[in-house]
Amino acid sequence: MNSIMAAVPLLTVVVGSLFLLILEVFLNRENKSYLGYISLTFLVICGIICTSFWNKDYSYFNGSLHLDNLSIFFYIISLLTIGFVILISLKYLFLQEANHGEFFALILFALSGMMIMVSSTDLLIIFLGLELLSISSYILAGFRLKDVRSSESAIKYFLLGSFASAFLVFGMAFLFGISHSTSLLAIVQHLQSGTSFKLIGFMGLGLVLAGFGFKIALAPFHMWAPDVYEGAPTPVTTFFSIGPKAAGFAVFLRFFHIYWHSLESSQAIFWLLWVIAVLTMIIGNLAALRQTNIKRILAYSSIAHGGYLMVAVLAQDYTSLMFYLVVYLFMNIGAFSAVIALSKKNKEFLELDDYSGIGFQYPWIGALFSVFLFSLAGFPPTGGFLAKFYVFSAAVRQGLVPLVIISVLTCLVSVFYYLRIIVYMYMKEPFHTVDVYKENPALFLVMFLCVYEVFQLGINPGSILVLIRQALISLPVF
Amino acid sequence: MIELFLVFLIFGSLGILLILMNKILGPRKTNPKKEKPFECGSPYLQDKVNTLPIKYYLVAVLFLLFDIEVVFFFPWAMIFREMQPKAFIIMFFYIVILLVGFVYAWKKGAFEWER
Numbered sequence: 012m013n014s015i016m017a018a019v020p021l022l023t024v025v026v027g028s029l030f031l032l033i034l035e036v037f038l039n040r041e042n043k044s045y046l047g048y049i050s051l052t053f054l055v056i057c058g059i060i061c062t063s064f065w066n067k068d069y070s071y072f073n074g075s076l077h078l079d080n081l082s083i084f085f086y087i088i089s090l091l092t093i094g095f096v097i098l099i100s101l102k103y104l105f106l107q108e109a110n111h112g113e114f115f116a117l118i119l120f121a122l123s124g125m126m127i128m129v130s131s132t133d134l135l136i137i138f139l140g141l142e143l144l145s146i147s148s149y150i151l152a153g154f155r156l157k158d159v160r161s162s163e164s165a166i167k168y169f170l171l172g173s174f175a176s177a178f179l180v181f182g183m184a185f186l187f188g189i190s191h192s193t194s195l196l197a198i199v200q201h202l203q204s205g206t207s208f209k210l211i212g213f214m215g216l217g218l219v220l221a222g223f224g225f226k227i228a229l230a231p232f233h234m235w236a237p238d239v240y241e242g243a244p245t246p247v248t249t250f251f252s253i254g255p256k257a258a259g260f261a262v263f264l265r266f267f268h269i270y271w272h273s274l275e276s277s278q279a280i281f282w283l284l285w286v287i288a289v290l291t292m293i294i295g296n297l298a299a300l301r302q303t304n305i306k307r308i309l310a311y312s313s314i315a316h317g318g319y320l321m322v323a324v325l326a327q328d329y330t331s332l333m334f335y336l337v338v339y340l341f342m343n344i345g346a347f348s349a350v351i352a353l354s355k356k357n358k359e360f361l362e363l364d365d366y367s368g369i370g371f372q373y374p375w376i377g378a379l380f381s382v383f384l385f386s387l388a389g390f391p392p393t394g395g396f397l398a399k400f401y402v403f404s405a406a407v408r409q410g411l412v413p414l415v416i417i418s419v420l421t422c423l424v425s426v427f428y429y430l431r432i433i434v435y436m437y438m439k440e441p442f443h444t445v446d447v448y449k450e451n452p453a454l455f456l457v458m459f460l461c462v463y464e465v466f467q468l469g470i471n472p473g474s475i476l477v478l479i480r481q482a483l484i485s486l487p488v489f
Numbered sequence: 045m046i047e048l049f050l051v052f053l054i055f056g057s058l059g060i061l062l063i064l065m066n067k068i069l070g071p072r073k074t075n076p077k078k079e080k081p082f083e084c085g086s087p088y089l090q091d092k093v094n095t096l097p098i099k100y101y102l103v104a105v106l107f108l109l110f111d112i113e114v115v116f117f118f119p120w121a122m123i124f125r126e127m128q129p130k131a132f133i134i135m136f137f138y139i140v141i142l143l144v145g146f147v148y149a150w151k152k153g154a155f156e157w158e159r
């Protein structure tokens, strides 16, 4: 059903960001902390409106954007991500002198980009959302103006990101050239029927894949991730590690659901994705072993998790893909907020040596961080275990046994660098005093919510799986 | 068509080859004097170029921004007659968004030259 009412969730976020942008220039410096709470209000309103559209299956703007259950599910994922990022950045921005009011407006712009991306099946609209997301991200990465590394990460992300966008548009041009349409369904049908333009279609798909692979940091295109993640302010890094990934995999889900079902001769693309998944897992996990900076370790770990998500795409099991994304959201935000908890005025403790003895000095931070690391490594009874279990069992059912063997082996490797942080926290004498700024209730709220969700998803995942199945109904049936 | 392509290929590659030949085959004798920037034969006076403020870039960026935004008025004017009331509402929202950007730039002091 086509209704302008369905645009309300997106409009709420856009109006919110414009409102914050205007408000920012009229507020004086002392009152800037209100901006965070106002942006949270807009997020809550948007969330409530979103949930009221559940099971209604609207579309708007002449069908170019859909508000089906799948979109709403990814809207909620994005809203949760942005909400948590805003909560953990409330104090951080003050402490690290990054308190420019544009932060909240920009992060809402990024959110609207993600919302456009996940709710469309049209390549141009997807690109529009992607650019909205990317341009906000480039600015956010350089948000600590006085820090050279922050500026470096912003310029790196901007240059490489624009190249990736160029590849993406080039690929879209190829796909449009052969099918005379920008709709995903029409493109796939043309790829299936047209025999004369097979090579051009393959090139187009490859280039589009490269563009998206860059945004979600898949292996041959992951080079930017560690540097950008290290240099960007930590809440922004949190956002980078989840937001673009969730949106990119939503697009993958919509595309490959059509692609796997309608194309017999998709062997080349299948093996391309297979190689990308394997490379992502191996490179992400092996490179993380040598890192001593926590943010770099988590950056490589997020690359590796992208590989596991690719396994779910290859296994054509979207329930496990979405479950993994949900669990990944909570455990990664938890881990990053533990990193943010260990900071004080103008100083963040990011080296592994800083973490020695933290477990006894700050028992709450240490315990919660350990839970998130166990979950990232995939230990029961946390959500990380179940997420990996669902993905790998789906892949085995699909007959991808060599792929699963490689994934499980890389998981084993990953246990080393996750547990090394815990060993530093509990089994080493402190090298030097680490005095952190403790009065940060919003951050601890986020950490406790995340730890609750990590256990809830690990022990009792039933309700979320029901929601995911309802969301997947809105995919086209073949 | 293919002949034209070949002509471009041959002469293009020939040009690149000739430039590279110079690099590869030519003798390379350097000394510190030779590496210095050329300043009409007289000795070099200062180490680096003085920094100068570039204020104009902000104006250029803003000009580009609003100029490109105005481009969207042309397709609007083309279909204006067919969808009269709807077109006004759409353009109203568009201009509101433009105004937000304008007010933001103004209040941030982007139009003030001396600051």
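Residue numbers (our numbering), protein chains in the order written: chain A, 12 to 489; chain B, 45 to 159. Here a beta-carbon is modelled for each residue, glycine too, at the ideal position from N, C-alpha and C. All figures in this text were calculated on a predicted structure; none of them were measured in a lab.
Separation of Q203 (chain A) and K209 (chain A) (C-alpha to C-alpha, rounded to the nearest whole angstrom) is 9 Å. The beta carbon of K356 (chain A) sits closer than 7 Å to the beta carbons of L106 and Y448 from its chain, once the five residues preceding and following it are set aside; these are given in chain order. Within the same chain, Cβ atoms closer than 8 Å to the Cβ of I344 (chain A) are found at T92, F95, V96, I99, T249, I253, V457 and C461, the five residues on either side in sequence being excluded. L353 (chain A) carries a coil assignment under DSSP once its states are collapsed to helix, strand and coil.
Boundaries of the alpha helix (DSSP H) harbouring L325 (chain A): I305 to L325, taken from the DSSP string. H443 (chain A) carries a coil assignment under DSSP once its states are collapsed to helix, strand and coil. Counting only residues of its own chain and dropping the five nearest sequence neighbours on each side, A299 (chain A) has a CB closer than 6 Å to the CB of I308, Y311, S312 and Y428. For H201 (chain A), the enclosing alpha helix (DSSP H) has its first and last residue at L195 to S204. Within 9 Å of the CB of I141 (chain B), the CB atoms of chain A belong to V25 and L29, in sequence order along the chain. In the three-state scheme derived from DSSP, where H, G and I count as helix and E and B as strand, H191 (chain A) is classed as coil.
Judged by their CB atoms, L411 (chain A) and L325 (chain A) are nearer to each other than the 8 Å cut-off. Measuring C-alpha to C-alpha distances from L38 (chain A) to each of A:E113, A:T193, A:A279 and A:F267 identifies A:E113 as the nearest.
With its beta carbon at least 8 Å from every one in chain A, V115 (chain B) lies outside the interface. Bounds of any beta strand (DSSP E) do not take in S145 (chain A); it lies within the alpha helix (DSSP H) bounded by L134 to A152. Contacts between V144 (chain B) and chain A, judged by CB atoms closer than 8 Å, involve L29, L32 and I33 in chain order. Residue state for H111 (chain A) is assigned as coil, using DSSP reduced to three classes. For V36 (chain A), the residues of chain B that pass the 8 Å Cβ criterion are V147, Y148, K151 and K152, in the order they occur in the chain. Assignment of beta-bridge partners to H77 (chain A) by DSSP yields A:S70. Excluding the 5 residues flanking it on each side, A279 (chain A) has same chain C-beta neighbours closer than 7 Å at F213, in chain order. In terms of CA proximity to E108 (chain A), A:G153 leads the group A:Y69, A:G153 and A:M438. Per the coordinates, the alpha-carbon of F390 (chain A) lies some 15 Å from the alpha-carbon of V402 (chain A). If you compare the alpha carbons of A:I33, A:F64 and A:S63 with that of S50 (chain A), the shortest gap goes to A:I33. Contact between the stretch 142 to 156 of chain A and the stretch 115 to 127 of chain A is established, with three or more Cβ pairs separated by less than 8 Å. The C-alpha of L76 (chain A) lies about 15 Å from the C-alpha of V24 (chain A). In this structure, A116 (chain A) keeps its C-beta atom at 8 Å or more from the C-beta atom of Y69 (chain A).
About 3 Å separates the beta carbon of P441 (chain A) from that of G368 (chain A), a gap short enough to meet the 8 Å contact definition. Nearest to A453 (chain A) by alpha-carbon distance, out of A:I314, A:I351 and A:L414, is A:I351. Restricting attention to A:K67, A:I87 and A:S44, the CA atom closest to the CA of I56 (chain A) is found in A:I87. Judged by their CB atoms, P487 (chain A) and I269 (chain A) are nearer to each other than the 8 Å cut-off. When DSSP states are grouped into helix, strand and coil, N42 (chain A) belongs to the helix group.
Taking a contact to require three or more Cβ pairs closer than 8 Å, the stretch 465 to 484 of chain A and the stretch 326 to 344 of chain A qualify as touching. For the pair E113 (chain B) and L143 (chain B), the CB atoms are not nearer than the 8 Å cut-off.
Counting along the chain, P244 (chain A) sits inside no alpha helix (DSSP H), nor does DSSP assign it H or E at all. Within the same chain, A482, L483, S485 and L486 come within 7 Å of L81 (chain A) by CB-CB distance, once the 5 residues on both sides are set aside. Contact annotation: G318 (chain A) and P392 (chain A) have beta-carbon atoms that are not nearer than 8 Å.
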